[in-house]
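Numbering-wise, full-length UniProt numbering puts 14 at position 14 of the sequence shown, and it's gapless, one number per residue. Where is the CB? At the ideal position from N, CA and C, for every residue including glycine.
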Amino acid sequence: MDPRTWLADVPTRITDHPANRIDELLPWNWNSASPATHMLAA
Numbered sequence: 001m002d003p004r005t006w007l008a009d010v011p012t013r014i015t016d017h018p019a020n021r022i023d024e025l026l027p028w029n030w031n032s033a034s035p036a037t038h039m040l041a042a
């Protein structure tokens, strides 16, 4: 994981991210794929 990419991505996601799933944004759980990509995969 690139820390700069993580730091650039997480602030853009955190406002719309559900509080009960905030652990997904932690560095060791983070995936750089966009939220839309996650929705398509589900």
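Simplified DSSP state of residue i, which is helix, strand or coil
{"i": "Thr15", "result": "coil"}
{"i": "Trp28", "result": "coil"}
{"i": "Asp2", "result": "coil"}
Close beta carbons around residue i, own chain, < 8 Å, minus the five adjacent residues each side
{"i": "Trp30", "result": "Met1, Trp6, Asp9, Val10, Glu24"}
Residue i and residue j closer than 9 Å at C-beta
{"i": "Pro27", "j": "Pro3", "result": "yes"}
Cβ-based neighbour list, residue i, same chain, cut-off 7 Å, excluding 5 preceding and 5 following
{"i": "Asn20", "result": "none"}
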